[in-house]
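Numbering (UniProt numbering), first residue to last: 1 to 781.
Working notes, beginning with the structure itself.
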Amino acid sequence: MDVDSPQANGMKRKGRKSNENKASYREDSESEDMPLSKRRRTSSKPVKPESDSESDVPLAKKPSAKDVNSLSKQKEKFEKRAEKEAKAIRKDAPKKVKQETPKGNTKKQTPSASAKAKKAVVKDEEVDEDEDEEYRWWENVQQGDGTKKWATLEHNGVVFPPDYEPLPKDVKFYYDGNPIDLHPEAEEVATFYGSMLHSTVNVENPTFNKNFFEDFQGYIKKTGGAKNAKTGDKVDIKSFEKCNFKHIFEWFDAEREKKKALPAADKKAAKAEKDKTEAPYQYCMWDGRKQKVGNFRVEPPALFRGRGEHPKTGRVKKRVFPEQITINIGKDATVPAPPEGHKWKEVKHDQEGTWLAMWQENINGAYKYVMLAANSDVKGQSDYKKFEKARELKKHIDHIRKDYQKNLRAEKMVDRQMASAIYLIDRLALRAGNEKGEDEAETVGCCSLKYENITLEPPNHVIFDFLGKDSIRFYDKVEVDPQVFKNLKIFKKAPKGRGDDVFDRLTTSGLNKHLQQYMTGLTAKVFRTYNASWTMANLLKDIKATGNVAEKVKIFNDANRRVAILCNHKRTVAASHENTMEKMTERINGLVYQQWRCKQMMLELDSKIKKKKGAEYFALPSQLDEEWVRKHQADLVAEQREKIQKKFDKDNEKRIAEGEKKMSGKELDERLEAVDELQKKFKKENKTKKVEPEGRGPSVEKLEQNIDKITQRIETMKVQSEDKEANKEVALGTSKINYIDPRLSVVFSKKFDVPIERLFSKTLREKFDWAIKSVDDDWEF
DNA sequence: AAACAGGACTCAGAAACCTCATT
DNA sequence: AAATGAGGTTTCTGAGTCCTGTT
1 MDVDSPQANG
11 MKRKGRKSNE
21 NKASYREDSE
31 SEDMPLSKRR
41 RTSSKPVKPE
51 SDSESDVPLA
61 KKPSAKDVNS
71 LSKQKEKFEK
81 RAEKEAKAIR
91 KDAPKKVKQE
101 TPKGNTKKQT
111 PSASAKAKKA
121 VVKDEEVDED
131 EDEEYRWWEN
141 VQQGDGTKKW
151 ATLEHNGVVF
161 PPDYEPLPKD
171 VKFYYDGNPI
181 DLHPEAEEVA
191 TFYGSMLHST
201 VNVENPTFNK
211 NFFEDFQGYI
221 KKTGGAKNAK
231 TGDKVDIKSF
241 EKCNFKHIFE
251 WFDAEREKKK
261 ALPAADKKAA
271 KAEKDKTEAP
281 YQYCMWDGRK
291 QKVGNFRVEP
301 PALFRGRGEH
311 PKTGRVKKRV
321 FPEQITINIG
331 KDATVPAPPE
341 GHKWKEVKHD
351 QEGTWLAMWQ
361 ENINGAYKYV
371 MLAANSDVKG
381 QSDYKKFEKA
391 RELKKHIDHI
401 RKDYQKNLRA
411 EKMVDRQMAS
421 AIYLIDRLAL
431 RAGNEKGEDE
441 AETVGCCSLK
451 YENITLEPPN
461 HVIFDFLGKD
471 SIRFYDKVEV
481 DPQVFKNLKI
491 FKKAPKGRGD
501 DVFDRLTTSG
511 LNKHLQQYMT
521 GLTAKVFRTY
531 NASWTMANLL
541 KDIKATGNVA
551 EKVKIFNDAN
561 RRVAILCNHK
571 RTVAASHENT
581 MEKMTERING
591 LVYQQWRCKQ
601 MMLELDSKIK
611 KKKGAEYFAL
621 PSQLDEEWVR
631 KHQADLVAEQ
641 REKIQKKFDK
651 DNEKRIAEGE
661 KKMSGKELDE
671 RLEAVDELQK
681 KFKKENKTKK
691 VEPEGRGPSV
701 EKLEQNIDKI
711 TQRIETMKVQ
721 SEDKEANKEV
731 ALGTSKINYI
741 DPRLSVVFSK
751 KFDVPIERLF
761 SKTLREKFDW
771 AIKSVDDDWE
781 F
């Protein structure tokens with residue numbers, strides 16, 4: 001092997017000490033566990049500080065690791081398909097290409113001609129009443145270079161958050177046990193913190209608290225200090241521990257309650273009022289067409305809630321004034337008036353931008369844009385382009401794969417790293433991984449993977465463990481090509497150690513530049529889109545049309561889930577999850593018990609049946625035990641008692657309402673007799689170990705039927721519960737919204753007769769209008 | 001000419017809100 | 001049949017990607 005030695009790489013992008021702590025360069029340090037433990041603490045999934053012993057990490061992952069394995073096998077199959085298809089596409093390229101161009105797009109259509117055509121189409125389709133003329137851009141996609149986004153643009157600017165309203169006199173921030181008077185500006189900052197005491201992820205994060213307190217102190221100083229509200233003495237606020245925001249929190253909480261408790265009519269009226277004042281901002285006119293604006297509200301001041309270990313989390317995000325806002329609008333349009341006594345920072349007429357307004361936030365200097373909503377034409381068009389780009393990759397994917405497979409053995413280190421990186425991006429759907437600054441959370445993507453994120457397990461298993469976008473953990477044990485394994489080992493060779501880049505010769509722009517050679521516009525992220533949609537397409541392809549709508553929807557969601565897992569889209573486990581799961585197992589156990597009782601009844605009816613079916617059949621199922629049975633019986637009894645009591649109370653209420661007399665306690669006792677009987681029955685069963693047959697004309701056959709029915713119910717419940725458990729930390733939404741070509745879903749809907757409403761919510765239907773209206777059931781990704 | 005800053009866009013999960021079933 | 005609560009939907013805004021222009 002003639003690879004450049006890693007040492008040759010003296011110049012690192014970021015000045016990192018690379019020759020200290022030699023001890024850690026030992027080869028075998030690779031196999032050490034390199035936990036992200038400390039970093040993980042504040043990530044969305046709180047991990048107990050002490051729980052980072054290696055044993056529990058793989059354990060927690062075990063079930064999903066199996067999934068991933070079967071998925072990767074399936075992926076292999078899909079890759080073969082991809083190769084075949086790529087070849088096929090190239091073979092009859094001339095034909096296909098013609099087909100691909102949108103129908104009716106004959107070379108240069110004059111705008112007026114296309115407008116006419118468009119009208120004609122609209123005419124013979126029934127038109128939505130309120131949508132006078134829809135613009136079917138997907139039937140005539142512009143080929144232009146796309147730099148000019150609009151010709152005319154009119155809009156009404158932005159909505160500012162309400163001014164700060166000081167707290168009532170009796171609601172105070174407390175310090176060292178004393179109520180404190182603050183200048184409204186400082187008090188506002190106190191309310192930022194005080195109103196979010198329930199947000200434990202933030203309020204229990206030391207960095208958050210430190211940053212907030214620093215800023216809070218600054219505000220107090222700037223506004224003339226804090227005073228004891230009783231004595232008027234100056235108070236020096238110097239210890240966060242002595243701060244008490246409870247009263248503020250309680251006030252906010254009470255306000256929330258008050259608002260919630262408002263009569264429905266009042267709530268409705270308030271909402272109508274708000275809608276009315278905001279109506280002018282909801283829409284804009286874009287090239288003469290009415291388009292929905294997305295986020296026309298300026299972000300209100302608050303505490304910055306950076307994700308993961310963001311160094312600036314907790315800092316005060318200041319109120320945005322008109323003087324900071326740049327407006328982008330058509331030359332001939334009326335510029336929206338800034339609030340009384342204010343003016344805009346600037347008014348632009350940038351036709352290459354799709355934004356209507358913009359400002360820079362004070363914490364990271366990040367740009368904030370007001371843009372159109374997801375259902376607008378511009379957004380739809382770029383969405384369409386994105387998926388077409390991904391589809392284009394189909395034609396090249398086999399070449400690209402062959403090429404990187406070959407280059408895994410390239411002589412030059414850069415080439416090898418390039419090939420290995422693309423391998424990972426393609427196989428694991430990793431993000432590109434730009435360099436990040438000092439004052440951001442330390443997260444990585446492919447190019448920025450660190451030494452400690454990769455653990456090599458001979459012969460060719462690699463464990464990836466890192467925090468990706470939004471500090472979401474990526475953990476996976478993957479079987480890789482032996483050459484990739486070798487390469488990674490080389491890339492990790494001493495003197496590299498903790499903190500060093502695995503791909504020290506790569507940058508995202510270099511990688512993307514390389515990708516452009518295969519296909520214009522090809523970048524790392526296209527692979528994510530391509531692989532997600534391609535996976536979905538193949539999963540759906542393998543489906544047979546059986547079952548009812550609900551079952552088909554489930555199949556669709558299962559495929560969706562596979563894609564979500566591929567993309568590592570996660571959510572935090574709902575607080576109620578464990579509880580729900582427990583309830584479900586209880587219910588299953590209840591059914592199992594019911595079933596067992598039926599079997600016992602059989603024994604009473606037919607003395608020979610025990611031999612016939614075997615003793616095993618009649619034994620108490622292993623998941624139940626004596627103790628559980630007792631408890632369950634008691635629960636059943638209590639449940640029934642409660643039910644009867646409730647019914648009794650209700651009946652009585654009714655009687656009173658109708659002017660009748662209340663029923664006596666005797667009546668209740670009588671009704672409760674059934675419960676007593678049940679209790680007695682259980683007692684007897686426990687004692688005699690026999691269950692008397694129930695129901696009219698009990699027979700072994702009937703019981704068997706009943707048992708079958710219960711088995712069915714148990715099965716469905718089990719599936720449900722397993723489903724729930726497997727899905728508890730998988731977020732389906734992100735892939736549905738951003739990665740799966742919506743036309744796939746539309747085709748599925750048409751082909752299998754599943755109403756599109758079952759797959760797409762209202763907003764998604766609007767966003768994917770172009771997909772819903774442009775394909776029929778033989779479209780393929 | 002690589003490296004870097006600026007800028008504009010897509011993608012991301014949490015929180016807020018709404019809805020509908022259950023009791 | 002009002003309350004509850006769980007699940008789905010929408011909003012919010014932070015966090016990426018990637019392009020461009022400048023040095």
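C-beta: ideal position from N, C-alpha, C; glycine also.
query: So, for H310: in the same chain, excluding its five sequence neighbours on each side, which residues have a beta-carbon less than 6 Å away from its beta-carbon?; result: A441
query: By how many angstroms is the C-alpha of D398 removed from the C-alpha of V347?; result: 49 Å
query: List the whole-angstrom C-beta distance separating Y530 from A390, where the pair is believed to meet the contact cut-off of C-beta under 8 Å.; result: 4 Å
query: Tell me, to the nearest whole angstrom, how far the beta carbon of F503 is from that of Q594; I am working on the premise that it is less than 8 Å.; result: Incorrect: roughly 59 Å between the Cβ atoms, too far for contact.
query: Would a C-beta distance cut-off of 8 Å place N460 and V480 closer than the cut-off?; result: yes
query: Tell me, please, whether the segment 615-634 touches the segment 687-694 by the rule of three or more beta-carbon pairs shorter than 8 Å.; result: no
query: Are the CB atoms of P179 and K230 within a distance shorter than 8 Å?; result: yes
query: Please state whether DSSP places K172 in a helix, a strand or coil.; result: coil
query: Could you give the DSSP three-state label for R26: helix, strand or coil?; result: The pLDDT assigned to R26 is 32, lower than 50, so where the model puts this residue is not dependable, and the model offers no usable value.
query: Relative to the alpha-carbon of K222, which residue among I472, A186, F192 and M413 has its alpha-carbon at the smallest distance?; result: A186
query: Measure from the alpha carbon of residue 801 to the alpha carbon of each residue in K492, L672 and Y384, then state which is nearest.; result: Outside the displayed range of the chain (1 to 781) lies residue 801, so it cannot be described from this structure.
query: Since N178 is in the beta strand (DSSP E), which residue starts that stretch and which ends it?; result: N178 to D181
query: Answer yes or no: do V675 and V637 have a C-beta to C-beta separation smaller than 8 Å?; result: yes
query: Work out the CA separation of P161 and W251 for me, nearest whole Å.; result: 20 Å
query: Kindly indicate which residue of G224, C243 and K242 has the alpha-carbon position closest to the one of K234.; result: G224
query: With a floor of 3 residues, list each beta strand (DSSP E) that falls wholly inside the segment 222-306, ordered by position along the chain.; result: 226-228, 283-286 and 289-292
query: Have a look at the DSSP bridge pairing and note the partners of T313.; result: Its beta-bridge partners do not exist; DSSP assigns none.
query: Within this structure, are the beta carbons of I326 and M358 separated by less than 8 Å?; result: Reading off the sequence, residue 326 comes out as Thr, not Ile. Yes, they are a contact pair.
query: For the pair the segment 716-725 and the segment 576-596, tell me if three or more CB-CB distances fall below 8 Å.; result: yes
query: So what does DSSP say about Q360, is it helix, strand or coil?; result: strand
query: Would you call the segment 724-734 in contact with the segment 530-542, where contact means no fewer than 3 C-beta pairs closer than 8 Å?; result: no
query: Rounded to the nearest angstrom, what separates D33 and Y475 at their Cα positions?; result: Residue confidence is low: D33 scores 31 on pLDDT, short of 50, so the model does not pin down where it sits. Its coordinate-derived value is still stated next. Those two C-alpha atoms are separated by around 13 Å.
query: Would you please state the rounded distance, in angstroms, between the beta carbons of T207 and G314? I believe it to be under 8 Å.; result: 6 Å
query: Just list the residues that DSSP pairs N209 with in beta bridges.; result: According to DSSP, N209 bridges with nothing at all.
query: Where does K394 land, buried or exposed, given buried means 16+ other C-beta within 10 angstroms?; result: buried
query: DSSP puts L467 in a beta bridge; with which residues?; result: R473
query: Three-state secondary structure (DSSP) at N328?; result: strand
query: Inspect the beta-carbon positions of Q291 and D377 and report whether they are closer than 8 Å.; result: yes
query: Roughly how many angstroms separate the alpha carbons of D769 and V553, rounded to a whole number?; result: 20 Å
query: With a threshold of 7 Å on Cβ separation, who are the neighbours of Y404 within its own chain once the five nearest residues in sequence on each side are excluded?; result: A419, I422 and Y423
query: If you follow the alpha helix (DSSP H) that Y384 is in, where does it begin and where does it stop?; result: D377 to N407
query: Which runs of the beta strand (DSSP E) at least 3 residues long sit entirely within the segment 637-672? Give them in chain order.; result: none
query: Along the alpha helix (DSSP H) that carries K541, what are the first and last residues, could you check?; result: A524 to K541
query: First and last residue of the beta strand (DSSP E) that includes E346?; result: E346 to K348
query: Quick one: using the 10 Å Cβ neighbour count with 16 as the cut-off for buried, is T455 buried or exposed?; result: buried
query: Are the CB atoms of D287 and T147 within a distance shorter than 8 Å?; result: no
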